[in-house]
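The sequence shown begins at 26 in my numbering and counts up by one.
Just so you know, even glycine gets a beta-carbon here, dropped at the ideal spot from N, CA and C.
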Amino acid sequence: MRSVLATIALWTGLIPAARAGDLTITVERLRSAFGAMLVAVHDDPARFPSDWNGAVALARIAAIPGSVRVVLPGLAPGRYAVIAVHDEDDNGEMSKGAFGFPREGFGTSNNPVFVGPPRFGPALITVTGDASISIRMAYF
26 MRSVLATIAL
36 WTGLIPAARA
46 GDLTITVERL
56 RSAFGAMLVA
66 VHDDPARFPS
76 DWNGAVALAR
86 IAAIPGSVRV
96 VLPGLAPGRY
106 AVIAVHDEDD
116 NGEMSKGAFG
126 FPREGFGTSN
136 NPVFVGPPRF
146 GPALITVTGD
156 ASISIRMAYF
């Protein structure tokens, strides 16, 4: 019965529906102005972190030393993992060196400590409207 009443209240506007919001991402600790800053928002663990075509939102901006801010407008309410890559060689992807170690900086939402590649679960954030997060870049 409660679910029926909640549904009726939602339809009549008594309970506001969740709305799309802007996700503001501040990426910190960029080491140079070379290349670009790539940011991808994922809602699918199978596509995180490297399937850029499977991201629900993407941004590419010029890199500057220090920090940059990216605003992704109209993100639907949900749970997402965000990855940022400092694409210093400007080839559109994270370049890797020997043994698959990244040659470029990267970071994810929630700034988890990495042991291996970034994982979806530790990077999950919940977006219910306008939100702001900070991502710290790591270089190896």
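task = Using DSSP bridges, identify the partner residues of residue 158.
result = The bridge partners DSSP lists for residue 158 are 50.
task = Please work out which residues of its chain come closer than 6 Å, Cβ to Cβ, to residue 142, disregarding the five sequence neighbours upstream and downstream, and give them in chain order.
result = For residue 142, there are no CB contacts under 6 Å within the same chain when 5 residues up- and downstream are skipped.
ask   = So, are the CB atoms of residue 126 and residue 165 less than 8 Å apart?
value = It is a contact, given that the beta carbons lie within the stated cut-off.
task = Could you tell me if residue 48 is buried or exposed, where buried requires 16 or more neighbouring beta carbons within 10 angstroms of its beta carbon?
result = Its Cβ being crowded by 16 or more others within 10 Å, residue 48 is buried.
query = Relative to the alpha-carbon of residue 50, which residue among 93, 76, 87 has its alpha-carbon at the smallest distance?
reply = The candidate whose alpha carbon is nearest that of residue 50 is 93.
ask   = Based on the DSSP output, what are the partners of residue 85 in its beta bridges?
value = In the DSSP output, where bridge partners are listed per residue, residue 85 has 63.
ask   = Going by the beta-carbon positions, is the gap between residue 150 and residue 160 smaller than 8 Å?
value = The Cβ atoms of residue 150 and residue 160 do not sit closer than 8 Å to each other.
ask   = Going straight from the alpha carbon of residue 91 to that of residue 67, what length do you get?
value = Rounded to whole angstroms, the gap between the alpha carbons of residue 91 and residue 67 is 25 Å.
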